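When you line the sequence shown up against the working numbering, it's residues 793 to 1177, in that order.
Backbone N, C-alpha and C fix where the C-beta goes; we use that ideal spot for every residue, glycine too.
The structure presented is a predicted model; accordingly, all values stated were derived computationally and were not measured.
Some notes on the structure that comes next.
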Amino acid sequence: MSTHAMSTISNTEKDHVWQAYRDHQAVRVPVTLGANPRVVILNEQWNPEGYTFQQAAEDPRLHLEIALRHALYMRTVLNHYTDNPTGLPEFWDVGLNVYNVYEAAILGAPLDYLPGQVPDTKVCLGEENKLEIFEQDISQPLENSFIKDRLVFWQEMEKIAADMQFEGRPIRVNPWALCGTDGPVTVAMNLRGPDFMEDLLIDPDYADRLMRFIMQAAINRRAAFEEYWGDRIGRGNGMADDSIAMLSTPMYQQQVLPIHRMFYESVSTQRSRGMHLCGNATRHFPLIHEHLGVTSFDTGFPVDFGNLRQELGDDVEVSGGVEVALLMNGTADEVYERTKAILQSGIKQGGRFIMREGNNLPPNCPLDTLEAMYQATLEYGRYDD
């Protein structure tokens, strides 16, 4: 692997890479990293006090502190291996993070804080009470107890931030809005556990009713938050549903795709449509692109990038890259060669590829492997080669 001084990539150069990409005139594959505050909470250097996820979830001042440490980590450490900005910002833009528990928690699942893990929820719908969920009122999302509690928590964070600075810069707490969804199959699995896979086979009417209920709740929630915040938040149209990786394509098409369509068709067709899918789900992508109009896919692993580009065509955005297991446990040379192979697979065709870890950066990831992924992209990600 050849070496490169990462610090020589200026913000101006990085901005040019992103702007050219957005203008569909890509000059090089841009590089980013998906990371949430777990990368500092589970990092002894950045969290020497040993604060836990539960403590941060219950104390708005600590939550703000962790969010700021995460922002500093992104700006002063991870920035060397991405096309994201280098240096301290004029304002620190941070927010409230509830990880992936929000939908199940909103629908009644109790929170679960396991040692050394991001927050989770416990299965709450057994055979004896699986119909009780339909008694909930999902027509007024902002009256939901979980959402009301988190909005009050957010307001406390905003008050605290107004009277403090971090690294000599003022702080802005971004509006907290739940406008996306982790998907009807995934949320149903959160609520029912593995029994939901049996529901799809032996009680498809219940499975359909539950997925439609989950999806309608997400649609109502998005509308409520967009009305609440107005122009202070964006108007995206993206969702996830990692658990469809467990389904055959015929089952997905028959039982789940119509539910996904509910979400995308609940807002203007002028909005771009994106989907995040971890796991071995790329066999579903062509169907999702054709029938749901999704034009941006954020992938996990495993992914055959060359084949995926051939199946989706040149105009569909794909984000993905080196598997996190290799980034964590492989050598820099192995990561460099894997990155090179991805970039030479044909995925660059059309200029609609973003390199990132596949998927979500783990805490304490070796920096030399991140450097190798960035370096290989600098060398093999250009469009003038």
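- In the DSSP assignment, P962 falls within the unbroken beta strand (DSSP E) covering R961 to V965.
- DSSP lists I963 as the beta-bridge partner residues of W884.
- Per DSSP, the unbroken beta strand (DSSP E) holding F1145 starts and ends at F1145 to M1147.
- DSSP places A827 in the coil class of the three-state scheme, outside both helix and strand.
- With respect to N1152, G826 sits close: the two C-beta atoms are nearer than 7 Å.
- Spatial neighbours of V910 in its own chain (CB-CB distance under 7 Å, excluding positions within 5 residues in sequence) are listed in chain order as R830, F845 and Y891.
- Within its own chain, the residues whose Cβ lies closer than 8 Å to the Cβ of R1004, once the five positions on either side in sequence are excluded, are P976, I1051 and M1054, listed in chain order.
- At least 7 Å separates the beta-carbon of G1105 from that of G1138.
- For secondary structure counted as the alpha helix (DSSP H) over 4 or more consecutive residues, the region 974-1012 holds these complete runs in sequence order: 976-984 and 987-994.
- Where S937 is concerned, there is no enclosing beta strand (DSSP E), although the alpha helix (DSSP H) around it starts and stops at S937 to A954.
- Annotation for F1089: the continuous beta strand (DSSP E) segment containing it runs S1088 to T1091.
- Taken atom to atom, the span from the alpha-carbon of I1134 to that of F945 is near 43 Å.
- Shown here, H816 sits in coil according to DSSP, grouped into three states, outside any helix or strand.
- Annotation note: the region 846-921 contains the following uninterrupted beta strand (DSSP E) runs of length 3 or greater, listed N- to C-terminal: 884-886.
- Beyond the five residues adjoining it in sequence on each side, R1174 comes within less than 6 Å, by CB distance, of R820 in the same chain, given in chain order.
- By the Cβ test, the region 800-813 is not in contact with the region 846-860, since fewer than three Cβ pairs between them sit closer than 8 Å.
- A1032 is bridged by DSSP to H1068.
- Residue pairing by DSSP places Q957 opposite P962 in a beta bridge.
- In this structure, the CA atom of V915 is about 30 Å from the CA atom of N839.
- DSSP, read as helix, strand or coil, puts G1022 in helix.
- Under a 10 Å Cβ-count criterion, M956 is classified as exposed, with fewer than 16 other Cβ atoms of the shown protein chains found around its own Cβ.
- Using a Cβ-Cβ distance cut-off of 8 Å, the region 1027-1039 and the region 957-969 are not in contact, since fewer than three pairs of beta carbons, one from each stretch, lie closer than that value.
- Per DSSP, reduced to three states, the secondary structure at V1114 is coil, with no helix or strand assignment.
- Using a C-beta cut-off of 8 Å, the region 1054-1071 makes no contact with the region 1123-1131, since fewer than three inter-stretch Cβ pairs fall below that distance.
- Classified as exposed, D1107 has fewer than 16 neighbouring CB atoms from the shown chains inside 10 Å of its CB.
- In the three-state scheme derived from DSSP, where H, G and I count as helix and E and B as strand, R1174 is classed as strand.
- Just so you know, the alpha carbons of L888 and R942 end up roughly 8 Å apart.
- Classified as exposed, Q817 has fewer than 16 neighbouring CB atoms from the shown chains inside 10 Å of its CB.
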